[in-house]
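The working numbering applies: residue 667 is where the sequence shown begins, and numbers increase by one.
Ideal Cβ positions, reconstructed from N, Cα and C, are used throughout, including at glycine.
If you're wondering where the values come from, they're calculated on a predicted model, not measured in any experiment.
One structure is given below, encoded as structure tokens.
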Amino acid sequence: MKDHYFLERVTQNNVTVDILNIDTNDAAVHGASQVCCQCYGYRWKYTQAPGDTKDPCKNTVRGDRVCAGGDVEMYDKCMERIDSWAKASFDGATKDLMASTADFKIINTHYSPHFHMDPPHMQKWYDLTKTHQVHGWFNGHTHGFNHDVAKWNTHFFQNGAGGGIFSESATTVANNDQVKTTWVASGQPYGFLELSFTKSWMKVQFVSFDKTWDFKGFDFGDTTKGGVARGHCWFVPKVLDSPGVECKSSVNGVVGMPT
Numbered sequence: 667m668k669d670h671y672f673l674e675r676v677t678q679n680n681v682t683v684d685i686l687n688i689d690t691n692d693a694a695v696h697g698a699s700q701v702c703c704q705c706y707g708y709r710w711k712y713t714q715a716p717g718d719t720k721d722p723c724k725n726t727v728r729g730d731r732v733c734a735g736g737d738v739e740m741y742d743k744c745m746e747r748i749d750s751w752a753k754a755s756f757d758g759a760t761k762d763l764m765a766s767t768a769d770f771k772i773i774n775t776h777y778s779p780h781f782h783m784d785p786p787h788m789q790k791w792y793d794l795t796k797t798h799q800v801h802g803w804f805n806g807h808t809h810g811f812n813h814d815v816a817k818w819n820t821h822f823f824q825n826g827a828g829g830g831i832f833s834e835s836a837t838t839v840a841n842n843d844q845v846k847t848t849w850v851a852s853g854q855p856y857g858f859l860e861l862s863f864t865k866s867w868m869k870v871q872f873v874s875f876d877k878t879w880d881f882k883g884f885d886f887g888d889t890t891k892g893g894v895a896r897g898h899c900w901f902v903p904k905v906l907d908s909p910g911v912e913c914k915s916s917v918n919g920v921v922g923m924p925t
């Protein structure tokens with residue numbers, strides 16, 4: 667990303683899309699605290715026994731010797747800096763959404779409000795998407811894919827297994843009366859979400875490998891290239907007075923590899 671927050675506007679065929687790229691590294695799950703603790707570096711200063719299988723980084727907190735070496739001043743300054751970037755993103759997004767004349771407005775970021783944030787942070791972003799009628803929120807972090815729909819018809823997409831690292835299964839939304847899961851990718855596929863637009867609709871579809879690919883280990887030269895397979899698909903309306911409709915071509919079962 668070229669900055670912690672920036673707006674991109676794309677216009678083609680008389681359709682305009684505003685893409686708000688935001689910094690959400692103040693998230694509770696694998697976010698600011700883990701960055702500022704740097705526990706996976708500090709732990710080896712204190713725990714190097716080959717037989718020690720405990721992971722002190724799972725529950726470390728501010729002041730622990732494996733959290734910034736116990737230096738609370740350094741930890742606090744780090745947290746303040748990350749919080750300031752997230753605040754700048756929120757303030758920038760609020761300003762730009764208020765001024766937006768785009769047909770569609772989408773947010774692109776690393777974390778999900780309901781999977782990776784504590785309730786106050788989650789609610790802050792929920793309120794922003796509801797107030798300003800954001801059509802889609804796209805995040806990664808979890809190396810899987812799912813599609814959740816809010817009561818105010820903003821669509822939340824997890825788009826986190828594009829390759830380069832292991833893929834994993836996503837999960838459904840739990841203990842949340844504001845957002846409901848519509849789809850979770852079957853298996854543990856690699857892929858991406860493909861977006862296309864008309865003046866009235868945003869189409870989002872999962873794309874992965876088809877079955878004609880043949881992978882022979884880690885040597886790319888030995889790979890037999892195939893085509894694409896498309897899976898879950900949804901039409902999101904420009905006017906968010908409904909959740910939209912699933913595409914007739916949508917496939918919610920196993921698509922892509924690895925399964």
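Determine the burial state of residue i: buried for a count of at least 16 other Cβ atoms within 10 Å of its Cβ, exposed for fewer.
i	result
F823	buried
A693	buried
I831	exposed
N679	exposed
N805	buried
R675	exposed
T795	buried
Y792	buried
With DSSP collapsed to three states, give me the class of residue i.
i	result
W791	helix
S874	strand
L906	coil
T944	Residue 944 is absent from the model: the chain starts at 667 and stops at 925.
K914	coil
D814	strand
T682	strand
F756	helix
G853	coil
K869	strand
Is there at least one non-hydrogen atom of the ligand ZN closer than 7 angstroms to the beta-carbon of residue i?
i	result
G893	The model depicted lacks the ligand ZN and carries no ligand whatsoever.
In angstroms with no decimal places, state the Cα-to-Cα distance between residue i and residue j.
i	j	result
N825	R728	31 angstroms
T820	G887	42 angstroms
N687	S755	8 angstroms
E746	H787	15 angstroms
S866	H801	12 angstroms
P785	D885	45 angstroms
N842	F872	25 angstroms
S730	P722	In the sequence as presented, Ser is not what sits at residue 730; that position holds Asp. Cα to Cα, the separation comes out at about 10 angstroms.
V681	K869	13 angstroms
L673	V894	30 angstroms
K877	T837	25 angstroms
T726	Q789	26 angstroms
G697	C899	30 angstroms
G892	Y856	14 angstroms
L906	K817	10 angstroms
M740	M923	44 angstroms
H670	Q799	22 angstroms
L859	V732	38 angstroms
M1009	V738	Given that the chain is displayed from residue 667 to residue 925, the structure contains no residue 1009 and the question cannot be resolved.
V917	G897	4 angstroms
Determine the extent of the beta strand (DSSP E) in which residue i is found, giving its start and end residues.
i	result
S862	F858 to F863
F770	F770 to N774
T848	V845 to V850
Q824	H821 to N825
Check for me: the alpha helix (DSSP H) holding residue i runs from which residue to which?
i	result
W803	Taken as a continuous stretch (DSSP letters only), W803 belongs to no alpha helix (DSSP H), being part of the beta strand (DSSP E) at G802 to N805.
H780	P779 to H782
A698	A698 to C703
Just checking my contact of residue i with residue j at CB under 8 angstroms: how many whole Å lie between their CB atoms?
i	j	result
F863	F770	6 angstroms
V845	N812	Between N812 and V845 the Cβ distance is about 11 angstroms, and since that is not below 8 angstroms, they are no contact.
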